[in-house]
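S.K.: Got a structure for you, questions after.
Residue numbers (this note's numbering): 372 to 544.
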């Protein structure tokens with residue numbers, strides 16, 4: 372009996388000490404894992420942030436380029452008919468959109484939906500306005516009508532998309 376008490380007298384502090392050391396090692400390893408995870412996140416952000424910002428820049432540039440005023444100034448040429456202008460406007464929007472299609476990977480799904488809606492609404496505006504004008508008349512007729520229709524829009528989808536994407540890009544910092 373005395374021998375068992377003597378063993379417990381030495382064994383209990385040893386077990387207590389082993390338990391404390393075990394808890395300290397577990398805590399240390401957990402902290403090290405968190406540090407590594409945090410360092411990986413920082414490294415990932417340092418790599419991805421410039422790419423994401425470039426994607427926002429490209430999509431915002433696309434949206435600025437499909438504003439009706441900008442499209443007409445860039446595409447309309449002397450001697451064009453309304454039909455030619457109509458076709459060039461639609462072609463330009465589709466080409467620009469296809470060129471920037473991969474940028475959807477870097478922006479939110481909601482942001483991309485705003486971009487798609489702006490593109491579709493702009494194409495719809497061009498198509499509906501283009502349908503009311505003789506295709507053989509000079510392009511200035513279609514251009515003027517498009518500018519009037521764009522100015523009359525109360526809820527400009529391109530402006531909404533621009534505002535949303537600028538706000539979203541601002542949250543990256």
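Each residue gets a CB set at the ideal place from its N, CA and C atoms; glycine is no exception.
The structure displayed is predicted, hence computed values, not measured ones.
Residue 442 to residue 402, Cα distance in whole Å?
M.R.: Computed Cα separation, rounded: 56 Å.
S.K.: Nearest to residue 541 by CA position, among 474, 425, 513, is which residue?
M.R.: Cα-wise, what sits closest to residue 541 is 425.
S.K.: In the structure shown, what three-state DSSP assignment does residue 452 receive?
M.R.: Residue 452 falls in the strand class under three-state DSSP.
S.K.: Please tell me whether residue 536 and residue 430 are closer than 8 Å, where the distance is taken between their beta carbons.
M.R.: Contact: yes.
S.K.: Going by C-alpha distance, which of 499, 480, 520, 457 is nearest residue 508?
M.R.: Cα-wise, what sits closest to residue 508 is 457.
S.K.: Using a threshold of 8 Å, state whether the C-beta atoms of residue 461 and residue 439 are closer than that.
M.R.: No; because the gap between Cβ atoms is not below 8 Å, this pair is not in contact.
S.K.: Quick one: measure Cβ to Cβ for residue 436 and residue 467, integer angstroms, because I've assumed they're closer than 8 Å.
M.R.: Between residue 467 and residue 436 the Cβ distance is about 6 Å, and since that is below 8 Å, they are a contact.
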